[in-house]
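Visitor: For reference, the structure I am asking about is given below.
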Amino acid sequence: MLAGGTDRTSVGLEWLMAELMRNPRVMKKVQKEIGRVVGKKPQIDMNDIGRMDYLKCVIKENFRLHLPGPLLVQREISDNISIGGYDVPAKTRLFINAWAILRDPSTWERPEEFFSKRLENNRVDFKGYDFELIPFGVGRRGFPGLAFGVASIEYITANVLYWFDWKLPVMVNYMGTWIRVKIMGALVHKKVPLYLVPAIHSCL
């Protein structure tokens, strides 16, 4: 559980920062919201995070597009069932292809694009109640560290965007490599690791 929680958090953060670098207007909008909520306080607290609606939309869209693992934990069917014209006997083990569900064009407009605005004022959440957004699974076999992992990503992201501006290192070109993936175990990592250079935020 510890390894799964830390890996999912670090992988999610790397994909999130990559998407923010690809979408600088989104990053600036998130930074503006964070600055408005936090003001001149010396640190961000969890009450502040609860008021950062756009940050939550961005993180939610990141999990939709870059879910930690493409397949959910396998399930075993307890009874004979029929699905989509197929008869599936009891004791059959099934894998749910969450990657395909989260990129289903019948559910998501332009599913291959990072488009955080689609989730503004949208009640769909990734806590297991909405099948169209299940990066962490559903039910008893859902990711047990969901609440802690998401809170960690929200808190870390808010801090790194509040205190710092970010840019690519000189002579580093990620063109064409941003969204290439590498499967390591059950997780989907970036094929080319992300390197960024921080600078003190211009508004501080």
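Using the working numbering, count along the sequence shown one by one with no gaps and you end on 817. Glycine included, C-beta positions come from ideal geometry on N, C-alpha and C.
1. If you reduce the DSSP assignment to three classes, tell me which class residue 690 lands in.
2. What did DSSP end up calling residue 703 once you bin it into helix, strand or coil?
3. When the distance is taken between beta carbons, is residue 774 closer than 7 Å to residue 624?
4. Rank 645, 627, 684 and 808 by C-alpha distance to the C-alpha of residue 706 and give the top, closest one.
5. Can you list, in chain order, the residues of its chain with a C-beta nearer than 6 Å to that of residue 806? Leave out the 5 residues immediately preceding and following it.
6. Let me know the secondary structure DSSP gives residue 696 once reduced to three states.
7. At what residues does the beta strand (DSSP E) containing residue 777 begin and finish?
8. Tell me, which residues are paired with residue 812 by DSSP?
9. Going by beta-carbon coordinates alone, are residue 701 and residue 694 separated by less than 7 Å?
10. Hey, residue 665 and residue 689: beta-carbon distance below 7 Å or not?
11. Residue ranges of each alpha helix (DSSP H) run of no fewer than 4 residues wholly in the segment 615 to 658, ordered along the chain?
12. Residue 731 and residue 767 look like a contact to me (Cβ under 8 Å); what is the Cβ gap, rounded to whole Å?
13. Whole angstroms is fine: what's the gap from residue 718's alpha carbon to residue 686's?
14. Going straight from the alpha carbon of residue 721 to that of residue 650, what length do you get?
15. Would you grab the beta carbon distance between residue 809 and residue 780 for me? Rounded to a whole angstrom, and I think it's under 8 Å.
16. Please classify residue 663: is it buried, with 16 or more other beta-carbons within 10 angstroms of its beta-carbon, or exposed?
Guide: This is what the structure holds:
1. coil
2. coil
3. no
4. 684
5. none
6. strand
7. 777 to 780
8. 778
9. yes
10. no
11. 615 to 635 and 637 to 651
12. The distance from the Cβ of residue 731 to that of residue 767 is about 19 Å, inconsistent with a contact at the 8 Å cut-off.
13. 24 Å
14. 30 Å
15. Taking C-beta atoms under 8 Å as the contact rule, residue 809 and residue 780 qualify, at a distance of about 7 Å.
16. Exposed, since its Cβ has fewer than 16 Cβ neighbours within 10 Å.
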